[in-house]
Amino acid sequence: MIIAVPKETAEHERRVALTPDVAAQLIKKDLEVWVESGAGLAANFLDSAYEEAGVKIVAERSELFEKAEVLLAVQTPSNEDLKNLKSGAILICFLWALQHPDLVESLKSSGISSLGMDAIPRISRAQNMDALSSMSSIAGYKASLIAADTLDKYFPMMMTAAGTIPPSKALILGAGVAGLQAIATCRKLGAVVEAYDVRPVVKEQVESLGAKFVEVPLDEENTETKGGYAKELSKDSQERQKQVIAEHVKKSDIVITTALIPGRPAPLLVTKEMVAAMKPGSVIVDLAAENGGNCELTEAGKTVVKHEVNIVGPINLPSQLSNHASLLYAKNMLNLLNLLIKEGTTNFDFEDEILLNTTITHQGEVISPMLKK
0 MIIAVPKETA
10 EHERRVALTP
20 DVAAQLIKKD
30 LEVWVESGAG
40 LAANFLDSAY
50 EEAGVKIVAE
60 RSELFEKAEV
70 LLAVQTPSNE
80 DLKNLKSGAI
90 LICFLWALQH
100 PDLVESLKSS
110 GISSLGMDAI
120 PRISRAQNMD
130 ALSSMSSIAG
140 YKASLIAADT
150 LDKYFPMMMT
160 AAGTIPPSKA
170 LILGAGVAGL
180 QAIATCRKLG
190 AVVEAYDVRP
200 VVKEQVESLG
210 AKFVEVPLDE
220 ENTETKGGYA
230 KELSKDSQER
240 QKQVIAEHVK
250 KSDIVITTAL
260 IPGRPAPLLV
270 TKEMVAAMKP
280 GSVIVDLAAE
290 NGGNCELTEA
300 GKTVVKHEVN
310 IVGPINLPSQ
320 LSNHASLLYA
330 KNMLNLLNLL
340 IKEGTTNFDF
350 EDEILLNTTI
360 THQGEVISPM
370 LKK
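Residue 6 in numbering that gives the first Met the number 0 sits at position 7 of the sequence shown; the count goes up by one each step and never skips.
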């Protein structure tokens, strides 16, 4: 069985789906691994390192796609590349199937089996495959460093001969994996941290990291989906949330927003009026920039100054730590492959909750329950 890894061609993408160490582990299972020449270069994995691991380096991209039985990628390859995949081949990458129905239809009609790394269920048994959590942790860490670099103040309290400098105040909106990592990193850098999330269940996690949990009384009793994500709130709850957040945004030096709703635009948490009320020189880092932004004034891929506040809208933050992001992603991929491939043969066992939810298309059919709702 040929496991193939192409070079990523999407803008801003520097990761690679398989590292030399993980490739070596697959080769030990009598699988053949092909990697496109230069695929790991942006993440500092050289062709020579893959060759030492027993990988075949392929110069022709079209050959890689034509011969691949299992194609591993980070981002979904282009339509032109996908045309070169043979019927019956398996594609594993971030697919975002809910947002791309045309892609799902194309994969189905082409007879390509596809698995979405973004569709892995958030259950205990799948934690070592959960690429979204791996990448979100990196994004939360990097967002904190961007905030520290952009802010014109110290993060920690500093006692100097000239006087004492008070610590900066950070507010983290959304306490999922990215938010919790942002809390931890801002705390390590010395900031005083508050955090808000619509899910009261995360209060204990926030406080365990040394941050204060901002509480907002909501109409909804259940604010969490089965997948562990936040649900969209009622209009009344949104208004109450907005009023409380406004007070905390106003007194913060740093605001890091991380709130996302799967398959929907990012919820608006920080309005232009809130930005106008912030102190000059304050910083907002909006991790939801690619999905419309949690801040009304965010511009994806840009740092803009509005009302004397720096608003950073980063794109693909995990890719900025491409080496470690690739290491984590490759290990997530390996654990999924260990479930899918048994003794050199693919095993699409849809009695298994992980494979059922992760498989988007197979043998000309749509499999994923989330697409059948």
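In this text, a Cβ means the ideal position worked out from N, Cα and C, and glycines have one as well.
Among the options, which one has its Cα closest to the Cα of residue i?
i    : options                : result
G175 : P261, I244, L114       : P261
N78  : K152, I26, L102        : L102
C185 : L170, V197, P5         : L170
I366 : E31, G115, A48         : G115
G139 : L172, T163, V200       : L172
N322 : R263, R13, F349, P5    : R13
L327 : N356, L25, L63, S136   : S136
N43  : M369, P76, V254, S325  : S325
V73  : V243, T257, A3, N290   : A3
A16  : V284, M134, I145, H306 : M134
Do you know offhand how far residue i's Cα is from residue j's?
i    : j    : result
M158 : P216 : 38 Å
G178 : V308 : 21 Å
A41  : E35  : 13 Å
I310 : E50  : 44 Å
F347 : K187 : 44 Å
G53  : E298 : 44 Å
Q126 : L45  : 29 Å
V274 : R263 : 24 Å
K141 : L97  : 27 Å
I353 : I119 : 6 Å
L296 : Q237 : 19 Å
N293 : I255 : 10 Å
Indicate the three-state DSSP secondary structure (helix, strand or coil) for residue i in the structure shown.
i    : result
L338 : helix
T357 : helix
N331 : helix
K168 : strand
L114 : strand
A3   : strand
K422 : There is simply no residue 422 to check, as the chain begins at 0 and stops at 372 in what is shown.
Y153 : coil
N309 : strand
T18  : coil
E31  : strand
K241 : helix
T8   : coil
I'd like the ranges of any beta strand (DSSP E) spanning at least 3 consecutive residues and lying wholly in the region 50-81.
For the region 50-81, whole beta strand (DSSP E) runs of length 3 or above, ordered along the chain, are 55-57, 69-71.
Decide if the region 123-138 is in contact with the region 98-108; the criterion is three or more beta carbon pairs, one per stretch, under 8 Å apart.
No, because fewer than three Cβ pairs between the region 123-138 and the region 98-108 fall closer than 8 Å, the two stretches do not touch.
Considering only residues of the region 245-307, which uninterrupted beta strand (DSSP E) runs meet the minimum length of 3 residues and lie entirely inside it, listed in chain order?
For the region 245-307, whole beta strand (DSSP E) runs of length 3 or above, ordered along the chain, are 253-256, 282-285, 302-305.
Are at least three pairs of beta-carbons, each pair with one atom in the region 313-323 and one in the region 265-279, less than 8 Å apart?
Segment contact: the region 313-323 against the region 265-279, fewer than three CB-CB distances shorter than 8 Å; contact not assigned.
The region 85-94 touching the region 22-35, judged by at least three CB pairs closer than 8 Å:
Flag = no, the region 85-94 and the region 22-35 do not touch.
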